[in-house]
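Throughout the sequence shown, residue numbering follows the working numbering, covering -16 to 379 in sequence. For reference, the structure discussed in these notes is given below.
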Amino acid sequence: MARIGIFGGSFNPPHLGHLLAVREFQRALSLDRVLLVPAATPPHKALSANSPSARERFEMTVLASSQLPFAEVSDLELRREGASYTADTLVELRGVYPNDELYLLMGTDMFLSFDRWYQPERIAALATLAVAHRSEDKTKKLQAQADELERAFSARTVFVDNEFLPHSSTSVRALLAFGAAEEYLDPAVLAYIQKNHLYFCGADLKNLPFDRLQEVSLCLHNPKRVAHVRGCSETAALLAEKFGADVTDARRAGILHDITKALNSQEQLNLCANYGMILTQFQRENPKLLHAKTGAAVAERIFGENTAVCEAICWHTTGKANMTTLEKIIYLADYMEPNRDFDGVEDLRRRTYADLDDAIYHGLEMTAGQLRSRGSEIDEHTLSAMRFYEERKKRS
Ligand code: DGI
Ligand code: FE
Ligand code: FE
């Protein structure tokens, strides 16, 4: 009787995070074999618009796993029509391995939503759920879910302590477009991506017409950020028209302002190192602010944007003293675009359309107030901007 792990996913693309997870599962559960099962049509989320075909994702997964002696890639889900449901896959696998122990490998997010999967009772009858969790995860919540799934579906769960880096495929796809994904991919997978021109890797993205710039850049975000960047771009264009800034620059800076936002803190720092950007200690300690700096660098290097656009992106989070009209517009459009919803947003919208400098001062005040109440350190440019616009307010 063999112990077989089943690791499903979009593998879009397969990256080192996947390989590390598979290795840890294999070791922790003493698995004889791990089947990697690329989904043809993932049921729970739409693939990003720049995704390669299922066949290409399958081929990359074969390349990625070639260095794992216990791994095998299955094309089961590629050969099936319609959504790739795990329940159906397990039924088929049970037919192939009638006497073996099957472990369905997953992370905490998938486990916590397991009761909403398609036919969870069928899955639970066919395989043990093996859940990788990091020691800082909420153990209580996971144990409660395991108890609930046992009660509802007679599910068996094992937890695997795992310290692997949670790289997201969204980050890796963005980094491929930014020319900085080498350290996240198996060399054979990277070579395949380059050769087949996947994920905008090595593409010339300079000076794209706006519609194409929008299409390309929106692919690189987490889906929930898309409405915000569109809103920022449209609001910036309206403000540019009203206050006499370049409307095209405003639209472009708006659509690109959060272009590196999918990257987590470590990925931000790695991108800075890859691009040779030198950081202050404050910047290293406050990586939430880095996306404005890396965003400006990507806008320049990858999209070939002009200096005015890149500077507006660079200062959109902190602001600074003596901003250009475009810089003020992007700072404010980011703050009050139609998808923003917080106490005082209506007041900030009214102020913005009436007087940019007054609105900037209010925005800075609000941000500083929030940071103080959270005990976070305030960026020096935010502080000097506050002094600058306070002074200006007194004079007028
Ligand atoms: O990128 P968005 O979410 O659209 O908005 P943003 O670019 O204004 O980023 C907001 C984040 O930046 C939020 O997590 C707070 C953080 N932030 C802004 N100013 C400062 C700051 N964090 C610190 N530590 N210091 C600042 O001065
Ligand atoms: Fe931002
Ligand atoms: Fe933003």
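Ideal Cβ placement from N, Cα and C applies to all residues, glycine included.
Can you tell me whether DSSP reads residue i as helix, strand or coil?
| i | result |
| --- | --- |
| P192 | coil |
| Y314 | helix |
| E217 | helix |
| Y258 | coil |
| G90 | strand |
| L173 | helix |
| I296 | helix |
| I106 | helix |
| E84 | strand |
| G302 | coil |
| Q(-14) | According to the sequence as given, residue -14 is Arg; it is not Gln. Three-state result, R(-14): strand. |
| T365 | helix |
| G98 | The amino acid occupying residue 98 in the given sequence is Asp; Gly does not appear at that position. It is helical. |
| E320 | coil |
| H274 | helix |
| N253 | helix |
| R63 | coil |
| P26 | coil |
| K185 | The question names Lys, yet the displayed sequence has Gly at residue 185. G185: coil per DSSP, three-state reduction. |
| A163 | coil |
| E329 | helix |
| A32 | coil |
| H211 | helix |
| S248 | helix |
| E373 | helix |
| S200 | helix |
| T290 | helix |
| E360 | coil |
| E119 | coil |
| T307 | coil |
| D232 | helix |
| R168 | Residue 168 is actually Leu in this sequence, not Arg. Reduced to three states, the DSSP call for L168 is coil. |
| G78 | helix |
| L51 | coil |
Residue range of the beta strand (DSSP E) that residue i falls in?
| i | result |
| --- | --- |
| F142 | 140 to 144 |
| H240 | Premise fails: H240 is in no beta strand (DSSP E) and is neither H nor E. |
| F(-6) | No beta strand (DSSP E) contains F(-6), which DSSP labels as neither H nor E. |
| P21 | 16 to 21 |
| H150 | Where H150 is concerned, there is no enclosing beta strand (DSSP E), given that its DSSP letter is neither H nor E. |
| A115 | 111 to 116 |
Would you say the beta carbon of residue i comes nearer than 6 Å to a heavy atom of ligand 5?
| i | result |
| --- | --- |
| K271 | Among the ligands present in this structure, namely ligand 1, ligand 2 and ligand 3, ligand 5 is not found. |
For residue i, report the span of its alpha helix (DSSP H) as first-last.
| i | result |
| --- | --- |
| M349 | 339 to 357 |
| L55 | Here residue 55 is Glu; the residue named in the question, Leu, does not match the sequence. No alpha helix (DSSP H) holds E55; the beta strand (DSSP E) holding it covers 54 to 56. |
| F8 | -1 to 12 |
| S67 | Looking at the DSSP string, S67 is not in any alpha helix (DSSP H), and its letter there is neither H nor E. |
| A37 | 37 to 48 |
| K124 | 122 to 136 |
| E268 | 264 to 268 |
In chain order, what residues of the same chain have a beta carbon less than 6 Å from the beta carbon of residue i, not counting five sequence neighbours either side?
| i | result |
| --- | --- |
| A291 | D232, L309 |
| Y314 | H299, G302 |
| F286 | L188 |
| I343 | K311, Y372 |
| L159 | Y182, C184 |
| D241 | V212 |
| A157 | L203, A245 |
| R105 | A70 |
| A23 | A37, E60, L61, S67 |
| Q9 | V17, F53 |
| H381 | The structure shown does not extend to residue 381, since the chain is modelled only from -16 to 379, so the question has no answer here. |
Please work out which residues of its chain come closer than 8 Å, Cβ to Cβ, to residue i, disregarding the five sequence neighbours upstream and downstream, and give them in chain order.
| i | result |
| --- | --- |
| A110 | I(-11), L73, L85, Y86, L87 |
| A4 | F(-10), L88, G90, A115, N145, F147 |
| K376 | D340, D341, Y344 |
| Q102 | Y68, A70 |
| E198 | A32 |
| R40 | S(-7), F(-6), N(-5), P(-4), P(-3), P21, S34 |
| R332 | M319 |
Looking only at its chain, what residues have a beta carbon closer than 7 Å to the beta carbon of residue i, apart from the 5 residues adjacent to it on each side?
| i | result |
| --- | --- |
| S13 | R(-14) |
| L262 | C255 |
| M43 | F(-6), P(-4), P(-3), V172, Y175 |
| S34 | N(-5) |
| V281 | F161, I242, T243 |
| Q353 | none |
| A236 | A219, V292, A295, I296, L309, I313 |
task: Output the residues surrounding ligand 2, defined as those with a CB atom closer than 7 Å to any ligand heavy atom, in chain order.
output: H240, D241, K244, H274, A275, H299, T300, D317
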